[in-house]
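> According to the numbering used here, the residues represented by the sequence shown are 15 to 830, in order.
Attaching a single structure in structure tokens format; questions to follow.
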Amino acid sequence: MRFGHFDDDRREYVIDRPDTPLPWINYLGTDSYFGIVSNTGGGYSFYRDAKLRRLTRYRYNNAPRDLGGRYVYLRDDSDGRYWSPSWQPTRTELDSYEARHGLSYTQISSTYRGIHAETLYYVPLGETLEVWRVRVTNRRHNRAELSLFSSVEFCLWDAQDDTTNFQRNFSTGQVEVVDGVIYHKTEYRERRDHFAYFACSEPLAGFDTDRDAFLGPYRGWETPIAVERGRASDSIANGWAPHGSHHVKISLAAGETKEIVFLLGYWENPRDAKFDPPGSQTVNKRLVRPVIERWLDGDTVERGFEALRDHWTKLLDTVTVRTPDADTDRMVNIWNAYQCMVTFNMSRSASGYESGIGRGMGFRDSNQDLLGFVHMIPERAKERILDIAATQLDTGGAYHQYQPLTKRGNNDIGGGFNDDPLWLVLGVAAYLKETGDKAILDEAVPFDNKPGSEVSLYEHLRRSVSYTLDRLGPHGLPLIGRADWNDCLNLNCFSEEPGESFQTTGNREGGVAESVFIAGLFVLAAKELAEIAAGCGFADEAESYRQNAEKMTGTIAEHGWDGAWFRRAYDYFGTVIGSSENAEGQIFIEPQGMCVLAGVGLGDGTAARALDSVAERLATPHGIVLQQPAYSSYHVELGEISTYPPGYKENAGIFCHTNPWIMIAEAMRGNGDAAYDYYRRINPSAREDISEVHRCEPYVYAQMIAGKDAPTHGEAKNSWLTGTAAWNFAAISQWILGLRADFDGLRIDPVIPGDWDGFTATRRFRGATYEIEVRQPNGPGRADHLVVDGTRVEGTLVPLAPAGATVRVEVTLTPS
Ligand code: BGC
Ligand code: NOJ
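The structure is reproduced here in structure tokens:
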């Protein structure tokens, strides 16, 4: 069952009923001002940091769900009936409804009793404000006298404090209304230099800034007293709950349309601004006024919207493909790329599942996200790499997360996730392959942001690798620390006291649990660093990285191979995990994927055997589960993993992030049918028809789909902010379609399904444009040569073309 459809030409997903199984959201903003917006207008806004600079309030896990947002109410002043044109919060049954989620904008339209309303929400490029453009059309045969009310509830900046520190918060709220603009100027503890504003293009009939005055005490958003009565009360909030609402009266002749623009914005004073009078924010208002005036203008709004659309066209044009499969095309060309940009901006901070409070930028996550966006925004990828590296410690270890506003490592969470540093090597390798910009390796980057501790980025990479080598366990495999990629496999926990939980035991000092997954990741990273070193002329170092990779490969063969698949780990007591010796948790997906990605076992048949085991034991029609059999009871010595019910999350859920590793591994062994089949199982567009089962948005990947042990098998959760986005983009575009940036040029090595006769693609790469045509005339095959501008080139690497050139590449895949 569907709840909407794709409009590929406009690059939109069109939702045609408001009661989607879950709120289907989108993101506003591309740079520093961001918002989440659902298909019924729910969501919130923030500046840079969803925790520390939250503009508007949103109550997670609320009932009814998804209340709190950017609301407009319409009221028919002739009979007092009122409704929400975005359905929420009044949930009036509308005569028509449509929400269009586009690239960084959302437009919600509806008709109710002859009044059509269309609201476009977007954030103009380079501005710290959001526009709501409301167009109201009278489709009745006679004049309509209407009232329109806007509504936002302000958050007192620190979102955590806002939901907990009421003894303070109820006394701090401050607003001011000047010339119809509502200024929310509650001062934030540390810095008293910013405010929000909420402006309207029309003369006001009234306003409210006090939530109780607008809603009425003991009333909810579905029945605000001001709207019911048809009159605002010009309230000024003093403490309690600052709110913003404008009341506008509109009189529309039959057929007439009126456009009203609202702006919600953030303003920050320059550090050296002079206050007049001292301590006040008067100066700011004078500075912000011209910005408000400019964006309240309809033409400016229209041009800003066009600029936003052009911005996306430019970004997405970097890679475009035309294959026999519409689900593949729209994901690669539009939605998957878009989701990668969103994970770039949000990391794992703010979504329908991430409260914006809990998690900042992940060290591991952000490095992997880079794989999905580096080709679109290489300069920003560079900045991101340098930011991440600057949080690394001189041991080579890493804070697990950092805060986007301060860019400092997050002390609450700390480090000790022993895979973290290695991802930096993969991130930098991806950047170098895309750009060829070796100069980044010489950038001076501090440790833990400490001035004076700067070393080259290259030295950071060295330490990432030696961090693993300095921490090998009893079998010569890397120590796992608190966890590796699987945050929930906490193997250094154990309990001497019955009833203790992994959280109370924490990590025992000197824990010797080891990870086969990190061993695979190490081999991959060491090989990449060997190539980077060789490219810099450090031949000896390159050789030593290669030797270390080889040695670790041997260790995996000796202690990490279980006979039919790669083992997962050894726990604190030296007990093997992910082995036929175990009662549950016999086979895990992560080492099968990562070891093969690193090339382990490709030459001796073990990789193929491991992938066959994945197909036999882990694959389901909804994707590949993380492990089998699921843990049926809690084991303190395994940590968080066994706290999940069977089939959910790390306990045998379909953890989508790991599925592309298997797709890539299948492509590496030349099995295009299997790779593509796995790809389609979790491709959200290909699952659109089962939206009542999948439940999450059909246009973006979710972190998890419930596994076969779960009663809700096939149900997705945690959409949007997941490494699934980057890795699926890599799997389909770089390995299945085979368009892969490499250190010395663009590699084209497709491994596509046997029944495809080919595809075409355009790839912008280091300033040149490659027009690629792939043919597969005689069943599944690989390329052994290319034809570049009519000339035969052996192998699969297109030689670098000068910037500005357009290069035609023809590729014929032939069975071996
Ligand atoms: C989740 C993991 C997540 C971790 C973050 C766990 O509860 O299962 O997927 O990475 O929390 O701290
Ligand atoms: C989500 C986290 O963001 C990611 O870093 C981790 O690898 C997975 N969960 C698996 O635990």
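Glycine included, C-beta positions come from ideal geometry on N, C-alpha and C.
Being a predicted model, the structure only gives us computed values, none of them experimental.
Starting from residue 222, follow its DSSP beta bridges and name the residues at the other end.
As a working mapping, residue 222 is identified with position 208 in the sequence shown. For residue 222, which the question treats as bridged, DSSP gives the partners 249, 259.
> In three-state terms, what does DSSP make of residue 813?
For the purposes of this step, residue 813 is taken as residue 799 along the sequence shown, with counting starting at 1. Residue 813: strand per DSSP, three-state reduction.
> Measuring CA to CA, which of 340, 568, 146, 690 is closest to residue 318?
By 1-based counting over the sequence shown, the position of residue 318 is 304. Answer by Cα proximity: 146.
> Distance check for residue 544 and residue 558, CA to CA, integer angstroms please.
Here residue 558 refers to the residue found at position 544 of the sequence shown. Here residue 544 refers to the residue found at position 530 of the sequence shown. Rounded to the nearest angstrom, the two C-alpha atoms are 8 Å apart.
> Under 7 Å: does the beta carbon of residue 368 sit that close to some heavy atom of the ligand NOJ?
Reading the sequence shown from its first residue, position 354 is the one you call residue 368. No.
> Taking the runs of the alpha helix (DSSP H) that are 4 residues or longer, which of them lie wholly in the region 657-705?
You should have 673-682, 686-696.
> Quick check on DSSP: helix, strand or coil for residue 14?
What the structure shows of the chain is the stretch from 15 to 830, and residue 14 is not part of that stretch, so it cannot be assessed.
> Do you know whose CA, among 374, 184, 217, 260, lies nearest residue 211's CA?
Locating residue 211 in the sequence shown gives position 197, counting from the first residue. With distances taken between Cα atoms, residue 211 lies closest to 260.
> Out of curiosity, what's the CA-to-CA distance linking residue 756 and residue 400?
In the sequence shown, counting from the first residue as 1, residue 756 sits at position 742. In the sequence shown, counting from the first residue as 1, residue 400 sits at position 386. When rounded, the distance between both Cα atoms is 21 Å.
> Tell me the DSSP secondary structure of residue 40 in three-state form.
Position 26 of the sequence shown, counting from 1, holds the residue named residue 40. It is a strand residue.
> Quick one: measure Cβ to Cβ for residue 586 and residue 651, integer angstroms, because I've assumed they're closer than 8 Å.
Position 572 of the sequence shown, counting from 1, holds the residue named residue 586. Position 637 of the sequence shown, counting from 1, holds the residue named residue 651. Indeed, because the Cβ distance is near 6 Å, the residues count as touching under 8 Å.
> What's the C-alpha gap between residue 32 and residue 440?
Counted from its first residue, the sequence shown places residue 32 at position 18. Counted from its first residue, the sequence shown places residue 440 at position 426. Residue 32 and residue 440: Cα-Cα distance of roughly 42 Å.
> Count the other CB atoms, across all protein chains shown, that sit within 10 Å of the CB of residue 873; report buried if there are 16 or more and exposed otherwise.
Shown here, the chain extends from 15 to 830; a query on residue 873 therefore has no answer.
> Would you say residue 582 touches the ligand NOJ, meaning its beta carbon is less than 7 Å from a heavy atom?
Sequence index remark: in the sequence shown, residue 582 carries index 568 (1-based). No, since every heavy atom of the ligand NOJ falls outside the 7 Å radius drawn around the Cβ of residue 582.
> Can you tell me whether residue 381 sits near the ligand NOJ, meaning its C-beta is under 7 Å from at least one heavy atom of the ligand?
Within the sequence shown, numbered from 1, the residue matching residue 381 stands at position 367. Residue 381 Cβ: outside cutoff for every heavy atom of the ligand NOJ.
> Quick check on this structure: which residue in 60, 186, 346 has the alpha carbon closest to the alpha carbon of residue 256?
Position 242 of the sequence shown, counted from the start, is the residue given in the question as residue 256. For residue 256, the nearest C-alpha among the options comes from 186.
> Applying the criterion that 16 or more other CB atoms from any shown protein chain within 10 Å of the CB defines a buried residue, is residue 600 buried or exposed?
Here the question's residue 600 lines up with position 586 in the sequence shown. Classification for residue 600: buried.
> Quick check: is any heavy atom of the ligand BGC less than 7 Å from the C-beta of residue 604?
Position 590 of the sequence shown, counted from the first residue, corresponds to residue 604. For the ligand BGC, not one heavy atom lies less than 7 Å from the Cβ of residue 604.
> Would you kindly check if the distance between the Cβ of residue 762 and the Cβ of residue 786 is under 8 Å?
Looking up residue 786 in the sequence shown gives position 772. Looking up residue 762 in the sequence shown gives position 748. Cβ atoms of residue 786 and residue 762: closer than 8 Å.
> Go to residue 717, then tell me how far its alpha helix (DSSP H) extends in each direction, as first and last residue.
Position 703 of the sequence shown holds residue 717. Note, residue 717: premise wrong, no alpha helix (DSSP H); beta strand (DSSP E) at 716-719.
> Does the distance from the C-beta atom of residue 841 to that of residue 157 stay below 8 Å?
Limits of the chain in this structure are 15 at one end and 830 at the other, which puts residue 841 out of reach.
> Evaluate residue 605 with the Cβ neighbour count: other Cβ atoms within 10 Å of its Cβ, from every protein chain shown; 16 or more gives buried, anything less gives exposed.
The residue given as residue 605 occupies position 591 in the sequence shown. That one is buried.
> Near residue 35, what residues of its chain come up, given a Cβ to Cβ distance below 7 Å and the 5 sequence neighbours on each side ignored?
Residue 35 sits at position 21 when you count from the first residue of the sequence shown. If we look at residue 35 and ignore the five residues flanking it on each side, its Cβ neighbours are 705, 706, 709.
> Using the Cα positions of residue 695 and residue 636, report the straight-line distance between them to the nearest angstrom.
For the purposes of this step, residue 695 is taken as residue 681 along the sequence shown, with counting starting at 1. For the purposes of this step, residue 636 is taken as residue 622 along the sequence shown, with counting starting at 1. One C-alpha to the other measures close to 5 Å.
> Is there contact between the region 116-130 and the region 274-281, where contact requires at least three CB pairs shorter than 8 Å?
Taking 8 Å as the limit for Cβ pairs, the verdict is that the region 274-281 does not touch the region 116-130.
> Hey, could you find the ends of the alpha helix (DSSP H) residue 312 is sitting in?
Along the sequence shown, read from residue 1 onward, the residue named residue 312 stands at position 298. Here the alpha helix (DSSP H) through residue 312 covers 312-330.
> What does the Cβ neighbour count give for residue 167, buried or exposed, with the cut at 16 atoms within 10 Å?
In the sequence shown, counting from the first residue as 1, residue 167 sits at position 153. Label assigned to residue 167: buried.
> Find the nearest neighbour of residue 268 within the set 546, 597, 155, 172, judged by alpha-carbon distance.
As a working note, residue 268 is residue 254 in the sequence shown. Ranking the options by Cα distance to residue 268, first place goes to 155.
> Could you round the C-beta distance between residue 766 and residue 748 to whole angstroms and report it? I think they count as a contact, below 8 Å.
Locating residue 766 in the sequence shown gives position 752, counting from the first residue. Locating residue 748 in the sequence shown gives position 734, counting from the first residue. So it is not a contact: roughly 13 Å between Cβ atoms.
> For the alpha helix (DSSP H) that contains residue 176, what are its first and last residues?
Start at 1 with the first residue of the sequence shown, and residue 176 comes out as number 162. Residues 173-176.
> When you compare the CB positions of residue 740 and residue 729, do they come within less than 8 Å of one another, or not?
Translated into the one-based positions of the sequence shown, residue 740 becomes position 726. Translated into the one-based positions of the sequence shown, residue 729 becomes position 715. In this structure, residue 729 does not lie closer than 8 Å to residue 740 by Cβ.
> Using only CA atoms, which one of 92, 701, 133 lies nearest to residue 714?
By 1-based counting over the sequence shown, the position of residue 714 is 700. When only C-alpha atoms are compared, the closest one is 701.
> State the beta-bridge partners of residue 68 as determined by DSSP.
One-based indexing of the sequence shown puts residue 68 at position 54. DSSP output for residue 68 lists 60, 171 as bridge partner(s).
> CB-CB under 6 Å to residue 163, same chain, minus the five flanking residues each way: which ones, in chain order?
Looking up residue 163 in the sequence shown gives position 149. Counting only Cβ-Cβ distances below 6 Å, and skipping sequence neighbours, we find 87, 241, 259, 261.
> Compare the Cα-Cα distances from residue 227 to each of 798, 254, 438 and report the closest residue.
Walking along the sequence shown from the start, residue 227 turns up at place 213. Ranking the options by Cα distance to residue 227, first place goes to 254.
> Can you list, in chain order, the stretches of the beta strand (DSSP E) that have 3 or more residues and sit fully within the region 740-784?
As far as the region 740-784 is concerned, its whole beta strand (DSSP E) runs of at least 3 residues are 753-756, 759-762, 772-779.
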